[in-house]
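These notes concern the structure reproduced below.
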Amino acid sequence: MTAYKFIETSVDQQIGVIELNRPKQLNSLNRNMVGEILEAMQSFDRNDEVRVILLVGKGKAFSAGADIDEMAEADSMSLELLNQFADWDQIPLIKKPVIGAVHGFVFGGGFELALCCDVLLAADGTEFSFPEVTLGVMPGAGGTQRLTKLVGRAKAIEWLWTGERIQANELQKHGVINRIVSPELLREEALRFSNKIASMPPLAIRMIKDSVNKAVDYPLYEGMQYERKNFYLLFSSEDQKEGMKAFVEKRKPVYKGK
Ligand code: HXC
766 MTAYKFIETS VDQQIGVIEL NRPKQLNSLN RNMVGEILEA MQSFDRNDEV
816 RVILLVGKGK AFSAGADIDE MAEADSMSLE LLNQFADWDQ IPLIKKPVIG
866 AVHGFVFGGG FELALCCDVL LAADGTEFSF PEVTLGVMPG AGGTQRLTKL
916 VGRAKAIEWL WTGERIQANE LQKHGVINRI VSPELLREEA LRFSNKIASM
966 PPLAIRMIKD SVNKAVDYPL YEGMQYERKN FYLLFSSEDQ KEGMKAFVEK
1016 RKPVYKGK
């Protein structure tokens, strides 16, 4: 397993776990750390032993956002030349399911990272915020776009303008969070949920992610045409034959991801 400086990775059954590991700085995200997160995700995406990627944070927070110390002295041209968002752009291209299990503070870039997850579990009491405005800036890794698409313009602009803390249950009401669980059970529940998805036929899971992602950007008709092609494509898989045969034979299917 690759040695990383700012994250820890492990494989737990078929779950590739990525743990943000800068707890003293509340897992604030420096540029190298984002690079490591992406590298770990891409490596799990290629790893046949991994079916689901689980993203968690060590210590008292999932992430308090981008590393302000690193950003403080930046200027426009240095940011342009660094092209740091190239890494962020690749995160949504991960094909396997990405489950986020967050707790404590989920702020700024940490919130943007959470919004890149396909499914989000939050510990009861987790606080979310886009505090960039209080620093004289704004989100830069998709926050204004993803939040608005998820919750609508009214709440998005209010939260982005005020930087106020949003409670997990408020976000759940707006469809951003799938489940809220007690802090002690967060990891267990996240692994349980991840295992459930890992037990499903991987190619169907993959094509569903691909199709749902298109629903965000495509008009309905084009999205439905895209969905149909993925539906047809799955009929070339061994798992489709196995799933339907097992149903007819009244036994449990064994899926291989082929
Ligand atoms: C650098 C950070 C940090 C951050 C916390 N720390 N957040 N360092 N960047 N984003 C450091 C603190 O300086 C402190 O270091 C240590 O972590 C513990 O933090 P405390 O503030 O002592 O903890 P607490 O009192 O519990 O307060 C937690 C907090 C607060 C409310 C989350 O730390 C906070 O407001 N942090 C900044 C949040 C923020 O503005 N995030 C948005 C960043 S902009 P020392 O050395 O003193 O112990 C952004 C843009 C994204 O994300 C753009 C795309 C990538």
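Every number in this note's numbering is 765 more than the matching position in the sequence shown, counting from 1.
For glycine and all other residues, C-beta sits at the position ideal for the given N, C-alpha and C.
Notebook entry, point to check: Which residue comes first and which comes last in the alpha helix (DSSP H) that contains Leu844?
Noted result: Unbroken alpha helix (DSSP H) run through Leu844: 841-847.
Notebook entry, point to check: Exposed or buried, Gln990, counting other C-beta atoms within 10 Å across all chains shown (16 or more means buried)?
Noted result: With a 10 Å radius around the Cβ and a threshold of 16 neighbouring Cβ atoms, Gln990 comes out exposed.
Check: Should Leu946 be labelled buried (16 or more other beta-carbon atoms within 10 Å of its own) or exposed?
Finding: The identity of residue 946 in the sequence shown is Val, whereas the question assumes Leu. By the neighbour-count rule (16 or more Cβ atoms within 10 Å), Val946 is buried.
Notebook entry, point to check: If you measure from the beta carbon of Asp982 to each beta carbon in chain B, is any gap under 9 Å?
Noted result: Of the protein chains in the structure, only one exists, and it is not chain B.
Notebook entry, point to check: Below 9 Å between beta carbons: does that hold for Ser828 and Asn792?
Noted result: Their beta carbons are under 9 Å apart, which means Ser828 touches Asn792 by this criterion.
Check: Cβ of Ile973 versus every heavy atom of the ligand HXC: is any distance shorter than 8 Å?
Finding: Every heavy atom of the ligand HXC is 8 Å or more from the Cβ of Ile973, so no.
Check: Do Leu803 and Gly874 come within 9 Å of each other at the CB atom, strictly closer than that value?
Finding: The answer is no: Cβ separation not under 9 Å.
Item checked: Limits of the alpha helix (DSSP H) - the one that Phe1012 falls within -> Element bounds for Phe1012: 1003-1013.
Margin query: Is it buried or exposed, Phe893, if we count other Cβ atoms within 10 angstroms and call 16 or more buried?
Written below: Result: buried.
Checklist line | Buried or exposed by the 16-neighbour rule on C-beta atoms within 10 Å, applied to Ser1002 | finding: By the 10 Å Cβ count, Ser1002 comes out buried.
Next item on the list: Could you tell me whether the region 779-790 touches the region 919-932, using the rule of 3 or more Cβ pairs below 8 Å?
Entry: No, the region 779-790 does not touch the region 919-932.
Notebook entry, point to check: CA-CA distance, Glu1014 and Phe872?
Noted result: As the crow flies, the alpha-carbon of Glu1014 is around 50 Å from that of Phe872.
Item checked: Helix, strand or coil at Val981 according to DSSP, with G and I counted as helix -> Three-state DSSP puts Val981 in a helix.
Check: Comparing the CB of Glu838 with every heavy atom of the ligand HXC, is any distance shorter than 8 Å?
Finding: Checking every heavy atom of the ligand HXC against the Cβ of Glu838, none is found closer than 8 Å.
Check: Where do the ends of the beta strand (DSSP E) carrying Ala887 lie?
Finding: Looking at the DSSP string, the run of the beta strand (DSSP E) that includes Ala887 is 884-888.
Notebook entry, point to check: Is Gly940 near Leu915, with beta carbons less than 9 Å apart?
Noted result: For the pair Gly940 and Leu915, the CB atoms are nearer than the 9 Å cut-off.
Check: Cβ-heavy atom distance between Gln790 and the ligand HXC below 8 Å?
Finding: Placement of the Cβ of Gln790 at a distance of less than 8 Å from at least one heavy atom of the ligand HXC is found.
Check: So what's Ser706 in DSSP terms, helix, strand or just coil?
Finding: Only positions 766 to 1023 of the chain appear in this structure, which leaves residue 706 out of reach.
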